[in-house]
Amino acid sequence: MLETLLSAKWALEPLFHERMADLALRRLLAGKPLFDVSENRQVPRFVSTLTGHDDVGQDDWGADRSAAVPGYSSLSKVSAKSGRVVVLPIMGTMSRYGGLCAWGSEDTANWVLEANRDETISAIVLEINSPGGEVDGTEMLGEVVRRSGKPVVAWVAGMAASAAYWVASQAREIIMESPTSSEVGSIGVLAMHVDASQYYQQEGLSVNIIRADGSEDKALFNSIEPLSDAVRTETKTVLNDIRQSFIKTVQRGRPGISRDVFSGKMYSGRQALTLGMADRIGFLGDAIRRADQLAKSA
């Protein structure tokens, strides 16, 4: 988890990032573990069977049906006129494989695939309250949502920031709970670097990294050495590329979105409607009803 915190690229709401980074660093400096994870879950890789076609029906996913998708049986499935609408939660910080009592992006993607295979399911609602998270896995989940043969509606309770909005933008519609307290946006990408060299010096420690001949570019983004200008430039180039992909994906999912929203700012429900970032205000029941309507019209 420490490696992920310090080296991963994040599409995350910045205030949340700062709070969590400060908390994690304080625990590290105090010699405490970040988290106590008692077990690792192994998730079947149904996502890897996704085909390359733009329009994927519920019979084209090619998932291995010999193993049940973890967690799918416990999801809320609401009876509607078109069939049943399944509600998939995206809560808290997003990561590819999950952890800390949270499901991962691969889990959510597998649920979407399974819902498309489930003959009793007619539509899908994403219940989102997330500041975003790791870039790794986000593009994959957004693509699975976009290709779903059954309509997907994203419902935003508190916030859908950064990576969470990346995914939400690929749904047929976005419904926000409140015009004032619900937020979307933070369309941007960042990486965090911790230069701990001065701390080690104060503790009387001299840490040296010895690289093999020909490995001069190995692990240049680390917490032992200050970042060189070249590494900063290279890192920003990578982040810029991810941001451009982020923007392109959002624009594809929401072609009417304003070009003024790509600075990383958050927007309330009322502002989001005006800027083309969301479609309407409503509660979870309204999102389920709208998903049902889309399923019937399809």
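Following our numbering, the numbering of the sequence shown begins with 135 at its first residue and continues without gaps.
Don't be surprised by glycine CBs; every beta carbon is placed ideally from N, CA and C.
Note that the structure is a prediction, hence the values are computed from the model and not measured.
Could you tell me the alpha carbon to alpha carbon distance between T185 and T383, rounded to whole angstroms? Residue placement at T185 is poorly supported in this model, since its pLDDT is 34, which falls under 50; the coordinates still yield a value, given next. Those two C-alpha atoms are separated by around 19 Å.
Can you give me the Cβ contacts of S282 inside the same chain, cut-off strictly under 7 Å, excluding the 5 residues immediately before and after it? V246, N250, I258
Would you mind reading off the limits of the beta strand (DSSP E) that contains I308? 307-310
Using the rule of at least 16 other Cβ atoms within 10 Å of the residue's Cβ for burial, across every protein chain shown, is A432 buried or exposed? exposed
Regarding Y334 and the ligand ZN, is the C-beta to nearest heavy atom distance less than 6 Å? As presented, the structure is devoid of all ligands, the ligand ZN included, so that no description of it is given.
Quick one: is D241 buried, meaning 16 or more other Cβ sit within 10 Å of its Cβ, or exposed? buried
Which residues does DSSP list as the beta-bridge partners of V219? V212, A257
Just mark V341 as buried or exposed, buried being the case when its beta carbon has 16 or more other beta carbons within 10 Å. exposed
For Y231, which of helix, strand or coil comes out of DSSP? coil
Here's the rule: buried if 16 or more other CB atoms are within 10 angstroms of the residue's CB, otherwise exposed. What is L339? exposed
What is the DSSP secondary structure of N263, counted as helix, strand or coil? strand
Are I309 and I262 touching if we call contact CB-CB under 7 Å? no
Under 8 Å by Cβ, that's how I've got V219 and A412 pegged, so tell me the actual separation to the nearest angstrom. That pair is no contact at about 19 Å.
Where do the N-terminal and C-terminal ends of the beta strand (DSSP E) with E317 fall, by residue? 317-319
Going by other Cβ atoms of all chains shown within 10 Å of its Cβ, with 16 needed for buried, is F448 buried or exposed? Within the shown structure, residues of the chain are numbered from 135 to 432, placing residue 448 beyond reach of any answer.
When you compare the segment 270-287 with the segment 320-334, are there three or more beta-carbon pairs, one atom per stretch, that lie closer than 8 Å? no
Which residue or residues does DSSP assign as beta-bridge partners of W289? E261, I309
Which value, in whole angstroms, describes the spacing of the CA atoms of V287 and S239? 17 Å
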